[in-house]
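K.L.:
Protein chains in written order, with the numbering used here: chain S, 1 to 256; chain G, 1001 to 1631. Note that CB positions come from ideal geometry on N, CA and C, so glycine has one too. Structure below; questions to follow.
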């Protein structure tokens, strides 16, 4: 199976984020960058499929030079080769435009399967993967936890709300967006990093793909959430109040 | 009535035929000895060189040789009675050097020690004294091995070791019996041949038994790596640790063949003592079996037939094994080397282990918590931030920054430093020192953490570090050396001991037992400083296993972050040992010991002793001290 995994490099979870002077993005000066977590699960899924059925895993990412670190990390974990779409104007591209850019790079490869993370840790739109599928004319499914190869194509498990799971069958080629937590991530190894040095990392300038930057959705501004405390007084007898509390914890605070 | 002669009886000179027989037998014995020994030497020499081996400075090697080989210091100190017995056997062998030479010379008619001369007589009495000591000792050791059967010698009773003990006994007795027979008699003649046969049978038996240590162990001790748990750097792009036979170095092979199977390592291993699969002696013997089986050119994995991955990963790196070994076997670099081989190539699959590695790949601490929590702690505790001007950098470590017990210790230590007027500051952006991943063998993550932290220290202009965690001390001072020049660092017990006289004393009169952390005691030789703090706070009692024999709490080797599914809990076992002293308080000096023992003591129920760090003991004496709860 020829599998392409589209990866986004996002600011590290632990980063202290400050809004920049324009008020429309975060100050990137002191940030550390890491692989988007759902994309890490997508990569893991791809590697497991290759281990079971053979084939090739290609990782793909758009951005400036710093995304090469994340691509190398993917190569170290076992991907066979990498494609870096060299673009310095991602801030001027919305989800649709980014999807067009990625689709243009994916199309000539003619993969059997394209995997993306469900959504990105930074913007969290959850659209890019399904947009790519639409642009490439591929059947797709999202929120995928597990993928199995079958005679006819793929059998996948989707995560729905309230603990429900759905099983689907798809033909290939197809695109799946992968949810975090569906498998156990492998750790990066020294051997992987050393081997990654010799694996192909091809740079494709964004201009070559013929998808100029364009925004139909514009980010107007960013603000840090205001913290306020609110008190809700639960009335009634002890059993009633307890029931009401459980309800609040379960459905509002979502900690149960 | 047995007549005791004052001189040794030598036989009459032998006829030619007998001399030729002696020569033939001696040549046969020597040939058989060499025929069996040379393949082993070849295996050792064929192994790859140790890239970090330095012969100089010689004085350390010579000192080790004198103390450990000649004076048998470790042999005696750690197991006094059997150790002394063995020492006598060894010293007798040395004392007998000339005796044996002369004995053979007599067989050829060229005896050079004249039994009637003043010197000859003096030497024979000297040798006889040793022979007596040796005979008694070897008999005692035989009884111990075959009748008393101590656990740590293993269940399998070795017939060959019994036979060799018998040969040694015969050698000594035949020498002593020479004082009971007259010169030139048939009895003297018979004794000569009996002694000779014992020698000639003994020699070829050496190479294929643990008695090979007679030949190897002085060399092993002399050529040892020298520092405790000295993990060699990886040599080049294709080196991932000890994956297969090709990765075993000469020192590793030499040590594998030197093991005498005494079981001292096993006796003190916390994993073996809690019924786990790991047995340090079997690790070394497993390497020996591998070498005999596959050799140093093999690509068959070391963790397979002769050593199991499960056992190797049960090690807490407490070092009790390496500390005890009297023949210079250094277990830790071998165990950690095999772990490296598994982790660096991705063949170790452990859910919690992977979680730890992933947490440190992406984040800054081993607990997987957001770095913002650390900042919150620093602010809430009003800890001064290091700005390059203060004397000390107080390194928090993962436990000190994120763990509730660790934080309480940091808070109390900070109070002490404030009282003393010490100038210190904490760094805002520490990352884990990498101790757990280093001991588990993940060189990729370790290198990333070490380099990142070293850069931070250099940029922040840190000159001196003090910290509450012995693992941080060890990792920063020793393990980071491979990637840069770490600043000097000390443990808070060393700092406190130095300033003890400036602090008020509050002696509570309660019984306090101090639990020696592995990484402070065996790794750093710091035993007295924390005790000086305990002495000012209460009446110190000692656990049966204390100081260099302290029993691990179970958290080392990355185990604070892994599961412990088989056998008894190491922490529970240690907690029982500490409670058995009758102390009402257990004092610790390591946040990992603190966490492990807190849970173990809680499990003991209501009457369990209280648990405090020595920093908290010191802080108790300060004015306006509130009894800070440690749990």
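Between which two residues does the alpha helix (DSSP H) holding residue 1193 of chain G run?
P.N.:
Segment 1186-1205, the alpha helix (DSSP H) holding residue 1193 of chain G.
K.L.:
Is the Cβ of residue 193 of chain S closer than 8 Å to any Cβ of chain G?
P.N.:
yes
K.L.:
For residue 1628 of chain G, which three-state DSSP category applies?
P.N.:
Any reading at residue 1628 of chain G needs caution, since the residue's pLDDT is 46, under 50, leaving its predicted position unreliable; the model's value is listed next. In the structure shown, residue 1628 of chain G falls within a coil segment according to DSSP collapsed to helix, strand and coil.
K.L.:
Looking at the structure shown, is residue 20 of chain S part of a helix, part of a strand, or coil, going by DSSP?
P.N.:
Under the three-state reduction of DSSP, residue 20 of chain S is assigned to coil, being neither helix nor strand.
K.L.:
List the residues of chain S that residue 1364 of chain G touches, going by C-beta distances under 8 Å, in chain order.
P.N.:
14
K.L.:
The beta strand (DSSP E) that contains residue 56 of chain S, what's its start and end?
P.N.:
Counting along the chain, the beta strand (DSSP E) containing residue 56 of chain S begins and ends at 56-63.
K.L.:
Would you say residue 189 of chain S reaches chain G, if we count a Cβ-Cβ gap shorter than 8 Å as a contact?
P.N.:
yes
K.L.:
Closest to residue 91 of chain S by C-alpha separation, out of S:123, S:6, S:71, would be which residue?
P.N.:
S:123
K.L.:
Less than 8 Å between the C-beta atoms of residue 1198 of chain G and residue 1223 of chain G, yes or no?
P.N.:
no
K.L.:
Of the residues that make up the stretch 27-52 of chain S, which ones have a beta carbon closer than 7 Å to any beta carbon in chain G?
P.N.:
34
K.L.:
Can you look up residue 202 of chain S in the DSSP assignment and give me helix, strand or coil?
P.N.:
Looking at residue 202 of chain S - three-state DSSP - the assignment turns out to be strand.
K.L.:
Could you list which residues in chain C have their beta carbon closer than 8 Å to that of residue 185 of chain S, in chain order?
P.N.:
Given the protein chain composition of this structure (S and G), no chain C is represented.
K.L.:
I'd like to know whether the C-beta of residue 977 of chain G is nearer than 8 Å to at least one C-beta of chain S.
P.N.:
Since the displayed chain G opens at 1001 and closes at 1631, residue 977 of chain G lies outside it and no answer follows.
K.L.:
Can you name the start and end residues of the alpha helix (DSSP H) that residue 1577 of chain G belongs to?
P.N.:
1570-1579
K.L.:
Excluding the five sequence neighbours on either side, which residues of its own chain have a C-beta within less than 8 Å of the C-beta of residue 1628 of chain G, listed in chain order?
P.N.:
Model confidence at residue 1628 of chain G stands at a pLDDT of 46, short of 50, so the residue's coordinates are unreliable; what they give is reported in the following sentence. Its chain contains 1408, 1411, 1412, 1616, 1619 as the residues whose beta carbon lies nearer than 8 Å to that of residue 1628 of chain G, once the 5 sequence neighbours on both sides are disregarded; these appear in chain order.
K.L.:
Between residue 1246 of chain G and residue 1346 of chain G, what straight-line distance do the alpha-carbon atoms span, to the nearest angstrom?
P.N.:
Approximately 19 Å, taken between the alpha carbons.
K.L.:
Quick check on residue 1611 of chain G: buried or exposed, where buried means 16 or more other Cβ atoms within 10 Å of its Cβ?
P.N.:
buried
K.L.:
Mapping DSSP to helix, strand and coil, what is residue 1620 of chain G?
P.N.:
helix
K.L.:
So the alpha helix (DSSP H) residue 1460 of chain G belongs to, where does it begin and stop?
P.N.:
1443-1460
K.L.:
Report buried or exposed for residue 1322 of chain G, applying the criterion of at least 16 other Cβ atoms within 10 angstroms of its Cβ.
P.N.:
Per the 10 Å Cβ criterion, buried.
K.L.:
Would you mind telling me which residues of chain S sit closer than 9 Å to residue 1351 of chain G, beta carbon to beta carbon, in chain order?
P.N.:
184
K.L.:
Check whether the stretch 1387-1395 of chain G and the stretch 1355-1373 of chain G are in contact - that is, three or more C-beta pairs closer than 8 Å.
P.N.:
no
K.L.:
Distance check for residue 94 of chain S and residue 77 of chain S, CA to CA, integer angstroms please.
P.N.:
29 Å
K.L.:
Just checking: is the beta-carbon of residue 1387 of chain G within a distance shorter than 8 Å of some beta-carbon in chain S?
P.N.:
no
K.L.:
What is the DSSP secondary structure of residue 1155 of chain G, reduced to helix, strand or coil?
P.N.:
coil
K.L.:
Distance check for residue 1082 of chain G and residue 1088 of chain G, CA to CA, integer angstroms please.
P.N.:
Rounded to the nearest whole angstrom, the CA to CA distance from residue 1088 of chain G to residue 1082 of chain G is 10 Å.
K.L.:
Would you tell me roughly how many angstroms separate the C-alpha atoms of residue 1539 of chain G and residue 1037 of chain G, rounded to the nearest one?
P.N.:
Put simply, the backbone Cα of residue 1539 of chain G is about 56 Å away from that of residue 1037 of chain G.
K.L.:
Counting along the chain, where does the beta strand (DSSP E) carrying residue 116 of chain S start and finish?
P.N.:
113-117
K.L.:
For the stretch 1118-1133 of chain G and the stretch 1175-1186 of chain G, state whether three or more C-beta atom pairs, one from each stretch, are separated by less than 8 Å.
P.N.:
yes
K.L.:
Could you check where the beta strand (DSSP E) with residue 153 of chain S kicks off and where it finishes?
P.N.:
153-159
K.L.:
Which residues, in chain order, does the stretch 1433-1467 of chain G contribute to contact with chain S at a C-beta distance below 7 Å?
P.N.:
Listed by position, the residues of the stretch 1433-1467 of chain G near chain S (Cβ gap below 7 Å) are 1443, 1444.
K.L.:
Cβ atoms of residue 1242 of chain G and residue 1338 of chain G: under 8 Å apart, would you say?
P.N.:
yes
K.L.:
Should residue 1192 of chain G go down as buried or exposed, given a rule of 16 or more other Cβ atoms within 10 Å for buried?
P.N.:
buried
K.L.:
Following the continuous beta strand (DSSP E) through residue 1314 of chain G, name the residue where it begins and the one where it ends.
P.N.:
That residue, residue 1314 of chain G, is in no beta strand (DSSP E); it is neither H nor E in DSSP.
K.L.:
Compare the C-alpha of residue 23 of chain S against each of S:241, S:226, S:220 and name the closest.
P.N.:
S:220
K.L.:
Residues of chain S with CB closer than 9 Å to the CB of residue 1237 of chain G, please, in chain order.
P.N.:
194, 197
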